[in-house]
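Take a look at the structure set out below.
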């Protein structure tokens, strides 16, 4: 299994600012992902965080808006840049464990409100 | 492109009644299907996967490739089953997941 910690758990931000969310896993994992969960909607994959290289972004998400870092196998950050109210959402970090059982582990999420 | 559809946003059932959450998918290959659950104030977690063919907390789900469905069922709902349920699909091992919109289940006494 993998225990994932995210911080901040929630924040209120001003329009135009940027916020970085940190994700720490308690074990070395191969695959890490960042999801967005908007109110009343499903989870949408933002990108796959690749260790030591640029993240792989899904359609509709770009590096300038959501820069991602993954310096090692246990840590990743997601920055939400130049925020607008439309970015208000829950951002979830997730990862597979050390073996592929098909189970994806999730952090508790970071709830961002942009005013 | 792969797609997962959960037609019901909300299911309200009485305790002891059967509950069925519908999930349909569109994918040309042989996907792996999963059900994830999120209880109040808890993180999202795996409930069951189709390849395991197991019953978890009384829930079962059968993959029907002909109907491209993976419905989740439980014969007797309990109050602790109240939660948000997501059907999910992935194309291959270590792959990314596609989640459905989710179904909120409310079990009333």
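Chains as they are written, first to last, in the working numbering: chain A, 118 to 232; chain B, 2 to 110. Virtual Cβ for every residue (Gly too), placed ideally from N, Cα, C. Please read all numbers here as calculations on a predicted model, not as lab measurements.
Residues that residue i bridges to, as DSSP identifies them
i: residue 25 (chain B); result: B:6, B:70
i: residue 65 (chain B); result: B:70
i: residue 151 (chain A); result: A:164, A:210
i: residue 60 (chain B); result: B:57
i: residue 229 (chain A); result: A:128, A:206
i: residue 138 (chain A); result: A:195
i: residue 215 (chain A); result: Beta-bridge pairing links residue 215 (chain A) to no other residue.
i: residue 75 (chain B); result: B:20
i: residue 14 (chain B); result: B:108
i: residue 222 (chain A); result: A:212
i: residue 46 (chain B); result: B:38
i: residue 200 (chain A); result: Partner(s): none; residue 200 (chain A) has no beta bridge.
i: residue 183 (chain A); result: Answer is none; residue 183 (chain A) lacks a bridge partner.
i: residue 102 (chain B); result: Note: residue 102 (chain B) sits in no beta bridge, so no partner.
Under 8 Å from the C-beta of residue i: neighbouring residues of chain A
i: residue 102 (chain B); result: 158, 159
Classification of residue i by the beta-carbon crowding that lies within 10 angstroms, buried from 16 upward
i: residue 15 (chain B); result: exposed
i: residue 152 (chain A); result: buried
i: residue 1 (chain B); result: As displayed, chain B neither begins before 2 nor continues past 110, which places residue 1 (chain B) out of reach and without an answer.
i: residue 34 (chain B); result: buried
i: residue 209 (chain A); result: buried
i: residue 49 (chain B); result: buried
i: residue 101 (chain B); result: buried
i: residue 97 (chain B); result: buried
i: residue 157 (chain A); result: exposed
i: residue 179 (chain A); result: exposed
i: residue 104 (chain B); result: buried
i: residue 40 (chain B); result: exposed
9 Å Cβ cut-off: residues of chain A touching residue i
i: residue 95 (chain B); result: 147, 148, 213, 217
i: residue 87 (chain B); result: 159, 160
i: residue 50 (chain B); result: 218, 219, 220
i: residue 80 (chain B); result: Ordered by position in chain A, no residue passes the 9 Å Cβ test against residue 80 (chain B), which lies about 23 Å from the chain.
Three-state secondary structure (DSSP) of residue i
i: residue 176 (chain A); result: coil
i: residue 80 (chain B); result: helix
i: residue 126 (chain A); result: coil
i: residue 33 (chain B); result: strand
i: residue 118 (chain A); result: coil
i: residue 188 (chain A); result: strand
i: residue 159 (chain A); result: coil
Neighbour list for residue i in chain B, Cβ cutoff strictly below 8 Å
i: residue 223 (chain A); result: 44, 45, 46
Per-residue contacts from residue i into chain A (C-beta, under 7 Å)
i: residue 54 (chain B); result: Under the 7 Å cutoff, chain A gives no residues; its nearest Cβ is about 13 Å from residue 54 (chain B).
i: residue 35 (chain B); result: 219
Partner residues on chain B for residue i, Cβ-Cβ distance less than 9 Å
i: residue 165 (chain A); result: 97
Pairing CB atoms from the segment 28-40 of chain B with CB atoms from the segment 9-20 of chain B, are three or more of them under 8 Å? no
For the 8 Å Cβ check, are there 3 or more pairs between the segment 191-198 of chain A and the segment 137-155 of chain A? yes
How do the segment 74-83 of chain B and the segment 47-64 of chain B stand: do at least 3 beta-carbon pairs fall below 8 Å, yes or no? yes
Validate contact between the segment 128-137 of chain A and the segment 78-97 of chain B using beta carbons, cut 8 Å, 3 pairs: no
Take every Cβ of the segment 118-133 of chain A, pair it with every Cβ of the segment 221-228 of chain A, and state whether three or more of those distances are shorter than 8 Å. yes
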